[in-house]
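In what follows, a structure is listed as structure tokens, so that the remarks can point back to it.
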Amino acid sequence: MAEIEINSLMKQFGAFQAVNDVNITVNNGEFVFLLGPSGCGKTTTLRMIAGLEMPSSGRIAIGGRNVTFLRPRHRNVGMVFQDYGLYRHLTVFGNIAYPLEVRRLQRAEIARKVNAVARTMQITEVLQRKPDQLSAGQLQRVAIARMLVRDADVFLMDEPMSHLDAQLRGQMRAELRHIQKSVGVTTIFVTHDQLEAMTMADRIIVMKDGEMLQFATPREIFERPATEFVATFVGEPQMNVFDVRITRIEGKVAAMTEDFVIPLDGTWVQEKGVENLVGQGVRLGVRPEHISVSDKADGSHGVAAELYSFEPTGAENLYVLQCGGVTITTRSSTTETAHLDKGEGSRLYAGFDPNWIYLFEPGSGRTIAQATASRSENEEM
Amino acid sequence: MKKLSSMPESPSAPPVQRNWWVYVVLILVCVVNFLPYLRVVMTGFMDGATSSSATPIWFFTPSLEAFDYLIFEKGIMKNFFNSVVVSLASTFFSVTIGMFCAYALARYDFPGRDDVSFWVLTNRMMPPVAVLIPIFVTFQTAGLLDTLLGLIILYTAMQLPFVVWMLTGYFRDIPRRYEESAMVDGDTWFAAFRKVTLPIMAPSITATAIFVMILSWNEFAFATFLTSNQAKTMPPAIMAYSIGADIKWNVLGAAVVLITAPLILFVLLLQRQLISGLSQGVVRK
Chain P
1 MAEIEINSLM KQFGAFQAVN DVNITVNNGE FVFLLGPSGC GKTTTLRMIA GLEMPSSGRI
61 AIGGRNVTFL RPRHRNVGMV FQDYGLYRHL TVFGNIAYPL EVRRLQRAEI ARKVNAVART
121 MQITEVLQRK PDQLSAGQLQ RVAIARMLVR DADVFLMDEP MSHLDAQLRG QMRAELRHIQ
181 KSVGVTTIFV THDQLEAMTM ADRIIVMKDG EMLQFATPRE IFERPATEFV ATFVGEPQMN
241 VFDVRITRIE GKVAAMTEDF VIPLDGTWVQ EKGVENLVGQ GVRLGVRPEH ISVSDKADGS
301 HGVAAELYSF EPTGAENLYV LQCGGVTITT RSSTTETAHL DKGEGSRLYA GFDPNWIYLF
361 EPGSGRTIAQ ATASRSENEE M
Chain Y
1 MKKLSSMPES PSAPPVQRNW WVYVVLILVC VVNFLPYLRV VMTGFMDGAT SSSATPIWFF
61 TPSLEAFDYL IFEKGIMKNF FNSVVVSLAS TFFSVTIGMF CAYALARYDF PGRDDVSFWV
121 LTNRMMPPVA VLIPIFVTFQ TAGLLDTLLG LIILYTAMQL PFVVWMLTGY FRDIPRRYEE
181 SAMVDGDTWF AAFRKVTLPI MAPSITATAI FVMILSWNEF AFATFLTSNQ AKTMPPAIMA
241 YSIGADIKWN VLGAAVVLIT APLILFVLLL QRQLISGLSQ GVVRK
């Protein structure tokens, strides 16, 4: 068990900057996720921690020991690969025992450890089989068992669940989180699935184009995204973001598109200095759950919209609305919206919750103003 | 294999179509290919008079006269032994060296990699006759004429391109993460290569080795020109019995039996490895 410290880590492949200035400190026993779209450098970062890729510059320390340029075998990390990396010429037992055999443990000790970990992962029945006789879920368990069997300082997981079907993935999420917490080994998990990261992580690192955009708890990432990219990458369906112009209407500051006006919260406007933006174009963001839909226009439902598509998901209904030139998605509970028209083209009215409006800088995507209702855990904004 | 009770039963395989005419064609091809060889083997077991009779004789009392002549009077077992040594040694060296070359070509990206692999192939394009004289002179200078060592070196060099090209493809098909996973588990690169990559590659390496062995065993041109007495291998030795006005057919037949028997036994014993090795990488999971 150990903490991980990464300072200004860089990796170039030729002219391509795969990882650019990554700084991470992971506490002992923490479950940290590297989240980002494919090609964002998250896997490269993980491979550099494992020692499978050497950094162009920077420093990596595990448990206070500088391991930046050490070979993988000197780092004492356990790893699960995307397609498991199981040896097809060995049985499941042989696969799990492999790291122990490398360390020349006693035969009885190996058998004891393998059986113990096989019980934890519920794969005792398949120990004598070869990997090609296992299902995807079992392969996954074997790969995790092989990582768990040794007393590694750090666990690294490279998209280990991407080959599982949705149901199994849901099951595995809870199980993996439980195992990680009971074993208590510092773990770094790479994924492009925001749901995985949100549900399992202690903290999430969002990466894009080799750069770290934000490193915070799931709630912080969700409620106080550092950039427009983070805001739209996390959350399902994703945050609605569109161009608005900040104007003053009858003395009040509001956001205006070509087709409708969104009133803004007065105290928030003052607090965040939105007044200074009057006359400027910004990007306005609001999550689907913070837009309510009604069949009548009233004070809180002022935006006329046409229903583009209706998507019931069971407990919740998604309405995709066309408000002039802007398409927005809303999410509300089925009971609340049961009475609304569901036919495409119906006339509906949308209302934006003024407490949950974000403003982003066009171009850079930096967050100008976090939503009023969002609470920061370290009150830095 | 015991099935888990919770595992759903997979549906039975679709019925295999059995086309009888496929077997007719196969048997026909086998007979056409095998009959001449059968006749040669039969000739080898005839005595001198039977084998040289004008009308073919199909039923006769087997005789070991020809084998007796070849083995005890002509000492052909010495050539046989030379062939065994040369082909085994050259196979071993070319496969061992070629394996590492192929690994490097498959795994590492270095400047000029494609040029190197193409250059390796061009070595095989040269017809042996074209380089016979330079090699003869080189061997003469180096004192390698008529030595087993000389032939081993030459055959190793000749078979290397073949080994490299075959194995590069197979190595490419093995995902790198097998080794990476072993390295993270605590192995050195070489241990990972030996314990993980090689076992997975074993069928392909065996298949390649069998091919190389057959090529070396049958090599004729260089063996004829570079050996005379001490290091003469089977192919040039047997050649001697098919030249001349008075060909002893039974002796020639016996010689053919001696040169082909090891190969046939060898392939029969290893045919399973051969087939699985050749088909490796064809079916992707």
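So the sequences go chain by chain: P and Y. Residue numbering for the first sequence is 1 to 381, as defined by the UniProt record's numbering. Residue numbering for the second sequence is 1 to 285, as defined by the UniProt record's numbering. Cβ atoms here follow ideal geometry from the backbone N, Cα and C, with glycine treated the same way. Only a predicted model underlies this, so the values are computations on that prediction, with no experimental measurement involved.
Residue i, DSSP secondary structure in three states
{"i": "residue 42 of chain P", "result": "helix"}
{"i": "residue 271 of chain Y", "result": "helix"}
{"i": "residue 138 of chain P", "result": "helix"}
{"i": "residue 380 of chain P", "result": "Here the model assigns residue 380 of chain P a pLDDT of 45, short of 50, so the residue's position is not dependable and the matter cannot be decided."}
{"i": "residue 159 of chain Y", "result": "helix"}
{"i": "residue 255 of chain Y", "result": "helix"}
{"i": "residue 95 of chain Y", "result": "helix"}
{"i": "residue 141 of chain Y", "result": "helix"}
{"i": "residue 273 of chain P", "result": "coil"}
{"i": "residue 161 of chain P", "result": "coil"}
{"i": "residue 290 of chain P", "result": "helix"}
{"i": "residue 178 of chain P", "result": "helix"}
{"i": "residue 348 of chain P", "result": "strand"}
{"i": "residue 15 of chain Y", "result": "coil"}
{"i": "residue 238 of chain P", "result": "coil"}
{"i": "residue 12 of chain P", "result": "strand"}
{"i": "residue 166 of chain Y", "result": "helix"}
{"i": "residue 367 of chain P", "result": "strand"}
{"i": "residue 252 of chain P", "result": "strand"}
{"i": "residue 68 of chain Y", "result": "helix"}
Status (buried if at least 16 other CB within 10 Å, exposed otherwise) for residue i
{"i": "residue 134 of chain Y", "result": "exposed"}
{"i": "residue 166 of chain P", "result": "exposed"}
{"i": "residue 248 of chain Y", "result": "buried"}
{"i": "residue 208 of chain Y", "result": "buried"}
{"i": "residue 151 of chain P", "result": "exposed"}
{"i": "residue 305 of chain P", "result": "buried"}
{"i": "residue 72 of chain P", "result": "buried"}
{"i": "residue 98 of chain P", "result": "buried"}
{"i": "residue 31 of chain Y", "result": "exposed"}
{"i": "residue 196 of chain Y", "result": "buried"}
{"i": "residue 283 of chain Y", "result": "Any reading at residue 283 of chain Y needs caution, since the residue's pLDDT is 43, under 50, leaving its predicted position unreliable; the model's value is listed next. When all chains shown are included, residue 283 of chain Y counts as exposed."}
{"i": "residue 268 of chain P", "result": "buried"}
{"i": "residue 335 of chain P", "result": "exposed"}
{"i": "residue 90 of chain Y", "result": "buried"}
{"i": "residue 143 of chain Y", "result": "exposed"}
Straight-line gap, residue i to residue j (C-alpha atoms, nearest Å)
{"i": "residue 255 of chain P", "j": "residue 245 of chain P", "result": "6 angstroms"}
{"i": "residue 145 of chain Y", "j": "residue 218 of chain Y", "result": "19 angstroms"}
{"i": "residue 324 of chain P", "j": "residue 44 of chain P", "result": "43 angstroms"}
{"i": "residue 66 of chain P", "j": "residue 60 of chain P", "result": "6 angstroms"}
{"i": "residue 92 of chain P", "j": "residue 117 of chain P", "result": "12 angstroms"}
{"i": "residue 112 of chain P", "j": "residue 191 of chain P", "result": "33 angstroms"}
{"i": "residue 82 of chain P", "j": "residue 235 of chain Y", "result": "53 angstroms"}
{"i": "residue 253 of chain Y", "j": "residue 223 of chain Y", "result": "21 angstroms"}
{"i": "residue 225 of chain P", "j": "residue 174 of chain Y", "result": "42 angstroms"}
{"i": "residue 216 of chain P", "j": "residue 111 of chain Y", "result": "42 angstroms"}
{"i": "residue 21 of chain Y", "j": "residue 265 of chain Y", "result": "29 angstroms"}
{"i": "residue 5 of chain P", "j": "residue 31 of chain P", "result": "14 angstroms"}
{"i": "residue 15 of chain P", "j": "residue 107 of chain Y", "result": "21 angstroms"}
{"i": "residue 206 of chain P", "j": "residue 228 of chain P", "result": "12 angstroms"}
{"i": "residue 214 of chain Y", "j": "residue 154 of chain Y", "result": "15 angstroms"}
{"i": "residue 284 of chain P", "j": "residue 199 of chain P", "result": "27 angstroms"}
{"i": "residue 17 of chain P", "j": "residue 297 of chain P", "result": "51 angstroms"}
{"i": "residue 380 of chain P", "j": "residue 312 of chain P", "result": "Residue placement at residue 380 of chain P is flagged as unreliable, the pLDDT there being 45, under the threshold of 50; the coordinate-derived value follows with that caveat. Their Cα atoms are separated by approximately 38 angstroms."}
{"i": "residue 158 of chain Y", "j": "residue 210 of chain Y", "result": "15 angstroms"}
{"i": "residue 134 of chain P", "j": "residue 240 of chain Y", "result": "60 angstroms"}
beta-carbon residue i near the ligand ADP non-hydrogen atom, thresh 8 angstroms
{"i": "residue 63 of chain P", "result": "No copy of the ligand ADP appears in this structure; indeed no ligand is present at all."}
For this session: Kindly confirm or deny that the region 330–343 of chain P and the region 287–297 of chain P touch, where touching means at least three C-beta pairs closer than 8 angstroms.
Result: Yes, the region 330–343 of chain P is in contact with the region 287–297 of chain P.
Exercise. Does the region 350–369 of chain P come within contact of the region 251–264 of chain P, defined as at least 3 CB pairs closer than 8 angstroms?
Worked result: As far as the Cβ criterion goes, the region 350–369 of chain P touches the region 251–264 of chain P, which means the pair count is three or higher.
Exercise. Is it a yes or a no for the region 108–122 of chain Y touching the region 175–184 of chain Y, going by three-plus beta-carbon pairs under 8 angstroms?
Worked result: Because the criterion of three Cβ pairs below 8 angstroms is not met, the region 108–122 of chain Y and the region 175–184 of chain Y do not touch.
Problem set entry | the region 43–54 of chain P touching the region 137–148 of chain P, judged by at least three CB pairs closer than 8 angstroms | Contact between the region 43–54 of chain P and the region 137–148 of chain P is not established, with fewer than three Cβ pairs separated by less than 8 angstroms.
Problem set entry | Ordered list of beta strand (DSSP E) runs contained in the region 183–230 of chain P, each at least 3 residues | The qualifying runs are 186–191, 203–208, 211–216.
For this session: Examine the Cβ distances between the region 155–173 of chain P and the region 87–106 of chain P and report whether three or more of them are shorter than 8 angstroms.
Result: Verdict: no, contact absent.
Exercise. Given 8 angstroms as the limit, is there contact between the region 161–171 of chain Y and the region 86–100 of chain Y, that is, 3 or more CB pairs closer than that?
Worked result: The region 161–171 of chain Y, when compared against the region 86–100 of chain Y, does touch it at the 8 angstroms Cβ threshold.
Exercise. Is the region 75–84 of chain Y touching the region 265–275 of chain Y, taking contact as three or more C-beta pairs under 8 angstroms?
Worked result: Touching, no, given that fewer than three Cβ pairs across the two stretches are closer than 8 angstroms.
Exercise. Residue ranges of each beta strand (DSSP E) run of no fewer than 3 residues wholly in the region 291–334 of chain P, ordered along the chain?
Worked result: Whole beta strand (DSSP E) segments, 3+ residues: 291–294, 303–312, 316–323, 326–333.
For this session: Report yes or no: do the region 49–65 of chain Y and the region 121–128 of chain Y share at least 3 C-beta pairs separated by less than 8 angstroms?
Result: A contact between stretches requires three or more CB pairs, one per stretch, nearer than 8 angstroms, and the region 49–65 of chain Y fails this requirement with the region 121–128 of chain Y.
Exercise. Considering only residues of the region 179–267 of chain Y, which uninterrupted alpha helix (DSSP H) runs meet the minimum length of 4 residues and lie entirely inside it, listed in chain order?
Worked result: For the region 179–267 of chain Y, whole alpha helix (DSSP H) runs of length 4 or above, ordered along the chain, are 189–192, 198–218, 221–226, 234–239.
Problem set entry | Contiguous alpha helix (DSSP H) assignments of at least 4 residues, all confined to the region 46–126 of chain P | Counting whole runs of 4 or more residues, the region 46–126 of chain P contains the alpha helix (DSSP H) stretches 92–102, 107–120.
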